[in-house]
Structure formats: C-alpha cells, structure tokens
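Here is the structure we will look at.
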Amino acid sequence: MARPREFEEGVVLDAAMECFWNRGYEATSMRDLVDKTGITGASLYNAFGDKRAIYQRALDRYVEGSVAARLARCEELPPLEAIVAFFDDIVSRSVEDRSRKGCMLVNAALDVAPHDDEFQRIVAEVMTRIELFFRDCVQKGQEQGAITSTMSAEELGRHLLGVLLGVRVLARVRPDRILLEGVVRPAIELLDIGSSPRHRDH
1 MARPREFEEG VVLDAAMECF WNRGYEATSM RDLVDKTGIT GASLYNAFGD KRAIYQRALD
61 RYVEGSVAAR LARCEELPPL EAIVAFFDDI VSRSVEDRSR KGCMLVNAAL DVAPHDDEFQ
121 RIVAEVMTRI ELFFRDCVQK GQEQGAITST MSAEELGRHL LGVLLGVRVL ARVRPDRILL
181 EGVVRPAIEL LDIGSSPRHR DH
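Using full-length UniProt numbering, read the sequence shown as starting at 1 and increasing by one per residue.
Next up, the structure:
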C-alpha cells in the first residue's frame, strides 16, 4: 500500500514558485528547491518529476494565481476602466516588489523560452491571452464610444501588450511609481476618446 504524501502539494508548489521566481530557472538547483520546500529531493522527484517539470508546474501556478486572476477581476469592469485597473495593479505590484523579482512570466520569456520550444509555446500562449484581453476591451470600448477608433482594436491590443512588457522589465531595475505611471499614462490617454486634445483636433 502506497504511503500517503506527508505534504500539501499547493504549499510545496508555492515554495518552489518563489524559489524559481527569485532566482530564475538556471540559477535554481534541486538543493535550493529542497531547502525552500522543506521536503526531500526524492519526494520532489516522486511528486513532480525533475527540475524542469517542477518549474513548469510552478509557472502554471503563477499564471493561474496571478495573470488569470487579474484578467478575471478586470473583465468584470467596463472596457476602459478594465484596462486602467489592470495597469494600476501592475504598477502597484511592481513598486511593492522589494526584491525586484518582476513578473515570473516575463522572466520565463527571457530566461527559459529562448532555449526551450515547449516553454516558448507556453509563454506565447499566455501573452496572447493577455493581448486578447486588451483587444476585446478596446473593441467593446470602441463599440460603446468610450475608446478611440483611430486605430484598430488589434493594433491597440498589441500596443498595450508592449507597454505591459516594457513596464515589467523596467520595474526590475527602476521600480519608481512616477516613472512607471509615466510609461502607462500616454497609452491610456491614447485610448480615452475624451482625454487628449489630439483626439478633438483630428
């Protein structure tokens, strides 16, 4: 009869996620994971597989707990307000990130995806999910007359994704609220049909 696991899987994955998030994939060893999770290497292998498999589970947990949760919260709001709330949350989390560990998804894009086709696909799918959130918000806002139609929803969705990634990378080295809000504000003003003189002049 198999012995029951003597640990809670979610707690162990959260600990592994923090380890990878802080140190990056390459710099994290199995010894680091053992020390952080508090369980033996054999138990880690038996429960989750090798380091790569543990990383994938940890990244999945991050995406569902952070990215997907943020999208779900924002999707309940009116279109322009949803985009503003999304970026407000990103800026606040970036400023409050004392260890400057950034976004685990963006870190994966830079650290792991270039050398691993499977992780490249995983990261690309999540970024596409975010881009579609922006596009759908813009499209609804355009239909309601709240967001400019000077550019297509597809173009503006891609632009907002680029702004997001820029903020996340910049915050790793300069987590200054004024700076980050200064990056986001022009993008929001570009969307808001009533916020900028250029929209009234043209």
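No residue lacks a Cβ here, since even glycine has one placed at the ideal position from N, Cα and C.
Are the region 27–41 and the region 60–78 touching, with three or more C-beta to C-beta distances below 8 Å? no
Between the beta-carbon of F134 and the beta-carbon of G157, is there less than 8 Å? In the sequence shown, residue 134 corresponds to position 134, counting from 1. In the sequence shown, residue 157 corresponds to position 157, counting from 1. In this structure, G157 lies closer than 8 Å to F134 by Cβ.
Taking a contact to mean a Cβ-Cβ separation below 8 Å, would you say V126 touches V67 in this structure? In the sequence shown, the residue the question calls residue 126 occupies position 126. In the sequence shown, the residue the question calls residue 67 occupies position 67. Yes, these two residues count as a Cβ contact at 8 Å.
Rounded to the nearest angstrom, what separates L71 and A15 at their Cα positions? If you number the sequence shown from 1, residue 71 lands on position 71. If you number the sequence shown from 1, residue 15 lands on position 15. Cα to Cα, L71 sits roughly 24 Å from A15.
Quick one: what's got a C-beta closer than 6 Å to N46's C-beta in the same chain, skipping five residues either side? Here residue 46 refers to the residue found at position 46 of the sequence shown. Answer for N46: no residue qualifies.
Suppose you measure from the CA of D192 to the CA of D50; what does that come to, to the nearest Å? Taking the first residue of the sequence shown as position 1, residue 192 is located at position 192. Taking the first residue of the sequence shown as position 1, residue 50 is located at position 50. Taking the straight line from one Cα to the other gives about 48 Å.
For the candidate residues Q56, E64 and E8, whose alpha-carbon lies nearest to that of T37? The residue you call residue 37 lines up with position 37 of the sequence shown. Taking only the C-alpha atoms, the option nearest T37 is E8.
Give the straight-line distance between the Cα atoms of A109 and R100, rounded to the nearest whole angstrom. Counting from one through the sequence shown, the residue named residue 109 turns up at place 109. Counting from one through the sequence shown, the residue named residue 100 turns up at place 100. So the alpha carbons of these two residues sit roughly 17 Å apart.
Residues of its chain near M17, where Cβ-Cβ distance is below 6 Å and the 5 sequence neighbours each way are ignored: To locate residue 17, count along the sequence shown from 1; it is residue 17. If we look at M17 and ignore the five residues flanking it on each side, its Cβ neighbours are A58, R61 and Y62.
Closest by C-alpha distance to R172, when choosing among T40, E155, N107 and I83: Along the sequence shown, one-based indexing puts residue 172 at 172. Looking at the Cα atoms, N107 is the closest of the given residues.
If S94 sits next to L180, beta carbons under 8 Å apart, how far is it from one beta carbon to the other, in whole angstroms? Along the sequence shown, one-based indexing puts residue 94 at 94. Along the sequence shown, one-based indexing puts residue 180 at 180. Their Cβ separation, rounded to whole angstroms, is 6 Å, which keeps S94 and L180 in contact under 8 Å.
Return the chain-ordered ranges of every alpha helix (DSSP H) run that is complete within the region 37–74 and spans a minimum of 4 residues. 41–48, 51–62 and 68–74
Could you give the first and the last residue of the continuous alpha helix (DSSP H) run that contains V173? The residue given as residue 173 occupies position 173 in the sequence shown. Start and end: A153 to V173.
Could you spell out the range, first to last residue, of the alpha helix (DSSP H) harbouring T128? To locate residue 128, count along the sequence shown from 1; it is residue 128. Its alpha helix (DSSP H) spans residues D117 to Q144.
Let's see if you can read the secondary structure: which residues bound the alpha helix (DSSP H) around G182? Position 182 of the sequence shown, counted from the start, is the residue given in the question as residue 182. Its alpha helix (DSSP H) spans residues R177 to L191.
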